Amino acid sequence: MALLVGSLVLVPIGRSIVTSTTERHGQDTVFVGLDNYLALVGDDQFHTGVVNSFVFTAYAEIFKVVLGLAAALLLHHRRRGRAVLAGLLLVPWVVPTVVTAFSWRALLDPIFGSVNTLLTTTGIGPLLVDLHLVDSWPAGWLSDPNLAMPSVILVNVWKGVPFFTVCFLAGLKAIPADLYEAATIDGASSWQRFANVTLPGLRHVITVTVTLSSIWTFNNFDLVWLLTQGGPGDVTAPYVLVAYSKAILQLQYGAGAAVTLVMLPIIGGLVFILVRLLRQDSGARLPRRRRGRQWVGAQRWAGSTRKALPWVVTAVVTGLLLWASPQIFWKAAVVLGVILLIAAAVGRVVSALNSRGGRRSSSVVSGVGSWVAMAGLLLFVLGPLYWIAVTAFKSEGQVVMRTDDLWPTPWTLEQFSALFANQPFGRWYLNTILVSAASTAVALVCAALAGYALARLRFRGAQGFTVTVLLTYVMPGALLFIPLYQMLIGARLTDSLWSLVVTYPTFTLPFATWLLVGYFSSIPIELEEAALVDGCTRLQAFGRVVLPLAKPGLLAVALFTLTNAWNEFLFAFVFITKDEYKTLPVGMQSMIAGDVVPQGQLAAASLLVSIPVVIMYALGQRFLTEGLTAGAVKG
1 MALLVGSLVL VPIGRSIVTS TTERHGQDTV FVGLDNYLAL VGDDQFHTGV
51 VNSFVFTAYA EIFKVVLGLA AALLLHHRRR GRAVLAGLLL VPWVVPTVVT
101 AFSWRALLDP IFGSVNTLLT TTGIGPLLVD LHLVDSWPAG WLSDPNLAMP
151 SVILVNVWKG VPFFTVCFLA GLKAIPADLY EAATIDGASS WQRFANVTLP
201 GLRHVITVTV TLSSIWTFNN FDLVWLLTQG GPGDVTAPYV LVAYSKAILQ
251 LQYGAGAAVT LVMLPIIGGL VFILVRLLRQ DSGARLPRRR RGRQWVGAQR
301 WAGSTRKALP WVVTAVVTGL LLWASPQIFW KAAVVLGVIL LIAAAVGRVV
351 SALNSRGGRR SSSVVSGVGS WVAMAGLLLF VLGPLYWIAV TAFKSEGQVV
401 MRTDDLWPTP WTLEQFSALF ANQPFGRWYL NTILVSAAST AVALVCAALA
451 GYALARLRFR GAQGFTVTVL LTYVMPGALL FIPLYQMLIG ARLTDSLWSL
501 VVTYPTFTLP FATWLLVGYF SSIPIELEEA ALVDGCTRLQ AFGRVVLPLA
551 KPGLLAVALF TLTNAWNEFL FAFVFITKDE YKTLPVGMQS MIAGDVVPQG
601 QLAAASLLVS IPVVIMYALG QRFLTEGLTA GAVKG
């Protein structure tokens, strides 16, 4: 594990630092010191990329928190059908990113997209123009410079809300019911219970979830590239795309490496916060002893600082968003205001009915409001997926002429036959299976050994190595793809499946190890000690006692690593150029030739790509929940 992490993560980062001090002149590489970093000071493309990454991340996280918390509260208070609804809401998180991008690209098409058609039919589209939320109608959601970034943010929110919902739902279950009962007895309203019991109880979960999601969103490449390729112009281009353009398209590895490394302090700050939060609960408590006045004063000052810090961060982020994106700022404020006003109005009506003794009326209003909100959320979540399913079974004439939008008449397999006849789709599918299976096997074997060693054995540097594993887990691919690409060129492994098998452990292995460390720690050590007393060696006890008990954790690791490898885009996009070695995400992206988008074939491909992942999650949901509960929570 140490050798793999060192060679695939730490060495590439060190090599990236060296590369950032060089410049390519023809066939020669010349040392230029800090010139690449100094050039970024006047680089407008880089400045735009950094601002875009900040705007994209900030707005996406705000809406993910609001919608994820709303969905978690709706599910938490529902007694019947909770598991089914939670499974449906999880689907956008499960489906591959390439499927997400292509479905939303088709839905947001200004001429053929169903979004404009629906908004026009209901009269909402012209109303958006009157409210100055949209400049003209029909709207060019991904081609209008004023709408492209909000549209990309919308798709990212759609993709990320399930992750927030699951995390917040787990946090709500951990809040003791006694607190709510005590607040109700004291006469607290629903809003007061939410503000004084729910939010404080979820503070740690919200902070960890937002920090982890911010790291992923800030370094997002595949979704933006597949939706807009950074356009129109550079309106949606994040800093990762700027690095890709300089290093891969322009072959200026030093300039591209400098772009990624300049962002390292920001990412490092987020990672530092995440590590502190994840280790906070496991930290040893100080022994109780007599404390002096200075100590008490310091504790009070620290407590007041912690209370004021969120408000300071909120004010700073709000000011930066207003400066960086004034057009998006007020539109987002209007949308958030409408959501909060509706929720406050329903809560006020319920509280008023309760105060007047109308419990039955208040329960009816609360139930109707919950069902309406859940129906709207399900429509938002499942609408694009339903569109994929019905489009895959339409004939080419129905797709082009926009007839029978919501129900194919007749149903046909024409798109599936055209997909295999016109594209090497079967080869892409086989490549993806081979790479995913090999990556999963490597992750399982190495992570099981390393996780057990870190959980059970005592050796020098174990704690530091555990932190290093977590750091490499959240380390973005944007920092690694340039030096890994150079290393693969030197080893002549580009344009081969080996390039993916070798590099995929950079993101599968650290997470698998981190999860299994927590899971192995939850297994009683007395079972191993009994096996050792009976004459087993340490390795025999591991194989005969620990591994059988760790099946849920191992299955959770296998499920996550398999789906992550199945959905990976950035490495496959950079390292593979030949059709015969492409994986499904890159192959599907290459099906688009300029403005020619085979929507029917892409829908059929999306369906075939998503079905295996959905089936795996459906079958392994019980093991996944058990593995994550024992591993991620306790770890």
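In the UniProt record's numbering, the protein residues as written are 1 to 635.
Don't be surprised by glycine CBs; every beta carbon is placed ideally from N, CA and C.
It should be emphasised that the depicted structure is a prediction, and the values quoted were computed from it without experimental measurement.
Distances from the CA of V586 to each of T409, W225 and W371 were compared; the closest alpha carbon is that of W225. Looking at the DSSP output, R24 bridges to T29. Distances from the alpha-carbon of P384 to those of F102, I62 and S136 put F102 closest. Looking only at L270, G123 and L69, the smallest Cα-Cα distance to F168 is reached by L69. Note on geometry: alpha-carbon atoms of A243 and F56 lie some 17 Å from one another.
By the criterion of a C-beta distance shorter than 7 Å, L602 is surrounded in its chain by F102, M588 and M591, once the five residues flanking it on both sides are discounted. Annotated three-state conformation of V596 is strand, per DSSP. Taking a contact as a CB-CB distance under 8 Å, the pair L554 and L444 counts as one, their CB atoms being some 6 Å apart. If you ignore the 5 residues before and after L251, its C-beta comes within less than 8 Å of the C-beta of R24, all in its own chain and listed in chain order.
DSSP, reduced to helix, strand and coil, places T236 outside both helices and strands of the structure shown, so it counts as coil. Look at F569 here: in three-state DSSP terms it is coil, with no helix or strand label.
According to the DSSP assignment, M591 belongs to no alpha helix (DSSP H), since it is labelled neither H nor E. Taking C-beta atoms under 8 Å as the contact rule, M374 and V235 fail to qualify, at a distance of about 34 Å.
For E181 and N196, the gap between their C-alpha atoms comes out near 13 Å.
Rounded to the nearest angstrom, the Cβ distance from N52 to P238 is 5 Å, consistent with a contact under 8 Å.
Rounded to the nearest angstrom, the gap between the Cα atoms of V205 and G171 is 6 Å. Going by DSSP, V157 is part of the alpha helix (DSSP H) stretching over A148 to K173. Contact annotation: A257 and T19 have beta-carbon atoms nearer than 8 Å. When the alpha-carbon of V390 is set against those of R402, L406, V381 and F380, the nearest one is in L406. A direct Cα-Cα distance of roughly 5 Å separates V32 from T22. Y485 sits away from L559, with the two beta carbons spaced by 8 Å or more. Close CB contacts of A86 within its chain, under the 8 Å cut and outside five residues either way in sequence, are with L75, T165, V166 and L169 (chain order). Counting only runs of 4 or more residues that sit fully inside the segment 86–118, the alpha helix (DSSP H) segments are 97–107, in chain order. Contact check for I388 against S151 fails: the beta carbons are separated by 8 Å or more. In the DSSP assignment, S214 falls within the unbroken alpha helix (DSSP H) covering L199 to F218. A distance of 8 Å or more separates the beta carbons of F575 and T472. Across the set Q599, P612 and A604, the C-alpha of Q599 shows the shortest separation from the C-alpha of G113.
Across the structure, L67 and Q229 are spaced so that their CA atoms are roughly 27 Å apart. As the crow flies, the alpha-carbon of P232 is around 15 Å from that of L108. When the Cα atoms are used, T409 and S395 turn out to be separated by approximately 9 Å. For M401, the enclosing alpha helix (DSSP H) has its first and last residue at E396 to M401. The straight-line gap separating the alpha-carbon atoms of L118 and L223 is approximately 24 Å. Straight-line measurement puts the Cα of I215 at about 16 Å from the Cα of F481. Here the C-alpha atom of L378 lies approximately 16 Å from the C-alpha atom of T100.
Measuring C-alpha to C-alpha distances from G269 to each of I153, F218 and L497 identifies F218 as the nearest.
Residue nearest to V501 within the set V442, L179 and E526 is V442 (criterion: CA-CA distance).
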